[in-house]
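Below you'll find the structure, written out as structure tokens, and then a few comments.
In my numbering, the protein residues as written are 35 to 294.
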């Protein structure tokens, strides 16, 4: 009989090790002690895992069981492997409002071999870059989720941006006040780094900066981890071309339910 539990860290890490790309975010937040985890134990082992915080992230088999988890109905975003999110949503749809957006089929891309150099001036961001990065990160967030975080909760967003820089999870290539390429790490484990908010100033898009920046960032990260990964909206053809031209391969797909 399957049952919900609060798994210890070693069980969470063992579960994540079974699929370190799909579960990179779960492993990252578990190692950092962030949020709350609920597991589904079946036959004496974890069959599924769910992180509950601002976002709800299910993974594994039988994720419909997480529809009853405390906090599930307050999630701003449900995101994860497509089948896991689908199982959760089938069980939870009567208890949650209709999502503002449902995004199935978001391809997850992975790179394990260093690409050719991009020959950029890419570097780790510093606190001196903070005021330049805040509006860029906010615009990347708006383009992705349709909301400007500086209008919704500016202090929290500025704090998160500062922490990304402080934690060494933000990279930048700029000429003066023009950002030619930037990206942040949304998750970092011994097995992989997951990137987010890949962005180029709209005034200089279409000139190859995104691909060059991605090449150099992947080369930098692959010196430290075995794989670099990210996911992208299925309709974002320009971004997909960049990732495929860098050499990334499409593996699984995610699904996002956006409630905010």
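Cβ coordinates follow ideal geometry from the N, Cα and C atoms, glycine included.
Since the structure is predicted, the reported quantities are computational estimates derived from the model, not experimental observations.
Check: Exposed unless 16 or more other CB atoms sit within 10 angstroms - verdict on residue 41; Outcome: buried
Check: Endpoints, the alpha helix (DSSP H) within which residue 176 is located; Outcome: 164-179
Check: The beta strand (DSSP E) enclosing residue 46, as first and last residue numbers; Outcome: First-last for residue 46: 43-51, but that is the alpha helix (DSSP H), not the beta strand (DSSP E).
Check: Endpoints, beta strand (DSSP E) assigned at residue 106; Outcome: Taken as a continuous stretch (DSSP letters only), residue 106 belongs to no beta strand (DSSP E), as it is neither H nor E.
Check: Beta-carbon proximity list for residue 293, same chain, < 7 Å, skipping 5 on both sides; Outcome: 109, 110, 111, 131, 133 and 134
Check: Residue 193 burial status per 10 Å Cβ neighbour count (16 or more: buried); Outcome: exposed
Check: Euclidean distance between Cα positions of residue 236 and residue 152; Outcome: 20 Å
Check: Contacts around residue 246, its chain only, beta-carbon distance under 6 Å, and the 5 residues preceding and following it disregarded; Outcome: 152 and 154
Check: Minimum C-alpha distance to residue 106 - residue among 115, 94, 127 and 116; Outcome: 127
Check: The region 136-144 in contact with the region 166-182 per 3-pair CB rule at 8 Å; Outcome: no
Check: Rounded straight-line distance, which links the Cα of residue 56 to that of residue 222; Outcome: 13 Å
Check: Per-residue burial, residue 197 [other beta carbons within 10 Å of its own, 16 or more giving buried]; Outcome: exposed
Check: Rounded separation between residue 190 and residue 91 - CA only; Outcome: 21 Å
Check: Span of the beta strand (DSSP E) around residue 95; Outcome: Element bounds for residue 95: n/a, residue is neither H nor E.
Check: Span of the alpha helix (DSSP H) around residue 254; Outcome: 243-255
Check: From 149, 228, 208 and 254, residue whose alpha carbon lies closest to that of residue 164; Outcome: 208
Check: Residue 133 in three-state terms, based on DSSP; Outcome: coil
Check: From 162, 158 and 271, residue whose alpha carbon lies closest to that of residue 216; Outcome: 158
Check: Cα-Cα separation between residue 81 and residue 71, rounded to whole angstroms; Outcome: 13 Å
Check: Beta-carbon gap between residue 87 and residue 68 smaller than 9 Å; Outcome: yes
Check: Beta-carbon contacts of residue 184 that lie in its chain and below 7 Å, excluding the five residues immediately before and after; Outcome: 172 and 191
Check: Cross-strand partners of residue 288 (DSSP beta bridge); Outcome: 115 and 140
Check: Beta-carbon separation (whole angstroms), residue 116 vs residue 289, contact threshold 8 Å; Outcome: 4 Å
Check: Cα-Cα separation, residue 260 to residue 146; Outcome: 6 Å
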